[in-house]
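To start, the structure itself, in structure tokens.
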Amino acid sequence: MEERLFVISLKTMSKIASKPIELLSDVKFDLIDNVINIQGPKGSLEFIKPSDVVVEQSDNMIKVSTKSESTAMSGTTRSLISDMVTGVSKGWEKKLLLIGVGYRAKADKLKVELTVGYSHPVHFEIPKGINIETPSQTEIVISGVDKQQVGQVAADIRSVRPPEPYKGKGIKYSDEEIVKKEAKKK
6 MEERLFVISL KTMSKIASKP IELLSDVKFD LIDNVINIQG PKGSLEFIKP
56 SDVVVEQSDN MIKVSTKSES TAMSGTTRSL ISDMVTGVSK GWEKKLLLIG
106 VGYRAKADKL KVELTVGYSH PVHFEIPKGI NIETPSQTEI VISGVDKQQV
156 GQVAADIRSV RPPEPYKGKG IKYSDEEIVK KEAKKK
């Protein structure tokens, strides 16, 4: 019987980190020390990368690799940079729907007023860098440059009155499906 020797490379790359990120013509990328700054037509974002992750720019492509045998943060760093490039060029958006009789939302520049079945309207302060619009009384559109911030604001507004499982009333994401429970029978 033959013995086979397999050599395993310690410097393997994650599948996500090995994909290069394409920069659009109107997006600028700067790397100073460990601080990545990306500017585009919608705004600018900054990110401090881990020290063992290498980020290189060649022409209009960004490549992410790692210095050590640990590849834990290379894929995460690549995803975060990709989300930043998309955010400063196209922006991010989340839509929420209000379902229930008398449920409505009204947004101005500083706050969103939610009437969602409580004895008083709930006022939600709009954070800096986020734009909230209400095209109709039962629809909320949250947009911004930072994907994490847009998602967090959407989750915070949803938490004011999450959808309940019996009638489906509450604030839900536009692509969310509420699985309704059957009511108890006597």
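If you read the sequence shown in the numbering used here, its first letter stands for residue 6, the second for the next number, and so on.
Where is the CB? At the ideal position from N, CA and C, for every residue including glycine.
Nearest-angstrom Cα separation, counted from residue j out to residue i
i, j, result
"P168", "Q44", "37 Å"
"K152", "I104", "25 Å"
"L15", "R83", "Residue placement at L15 is poorly supported in this model, since its pLDDT is 43, which falls under 50; the coordinates are not used for a value here."
"E74", "D180", "40 Å"
"K209", "T71", "Nothing can be reported for residue 209: it is not among the residues displayed for the chain, which extend from 6 to 191."
"V150", "G48", "7 Å"
"E130", "D161", "11 Å"
"G122", "I86", "41 Å"
"E140", "A159", "Looking at the sequence itself, residue 140 is Pro, so the reference to Glu does not match. Their backbone Cα atoms lie some 16 Å apart in a straight line."
N-terminal and C-terminal residue of the beta strand (DSSP E) that residue i is part of
i, result
"K116", "K116 to T120"
"I53", "G48 to I53"
"R109", "R109 to A112"
CB contact below 7 Å: residue i versus chain B
i, result
"F129", "As a matter of chain content, chain B is missing from the structure shown, which is built from one protein chain."
Neighbourhood of residue i by C-beta distance below 6 Å, restricted to the same chain and skipping five residues each side
i, result
"P46", "D31"
"S148", "G96, E98 and N136"
"S94", "L29, V32 and G45"
Closest Cα partner of residue i within the set the options
i, options, result
"F34", "S23, A188, V127 and V60", "V60"
"D57", "K186, G122, Y123 and A77", "A77"
Neighbourhood of residue i by C-beta, 7 Å cutoff - its chain only, sequence neighbours within 5 removed
i, result
"R109", "L103, T120, Q142 and T143"
Start and end residues, alpha helix (DSSP H) containing residue i
i, result
"G134", "From DSSP, G134 is part of no alpha helix (DSSP H); its letter is neither H nor E."
inquiry  = So, does the segment 61 to 70 touch the segment 18 to 27, judging by three or more C-beta pairs under 8 Å?
reply    = yes
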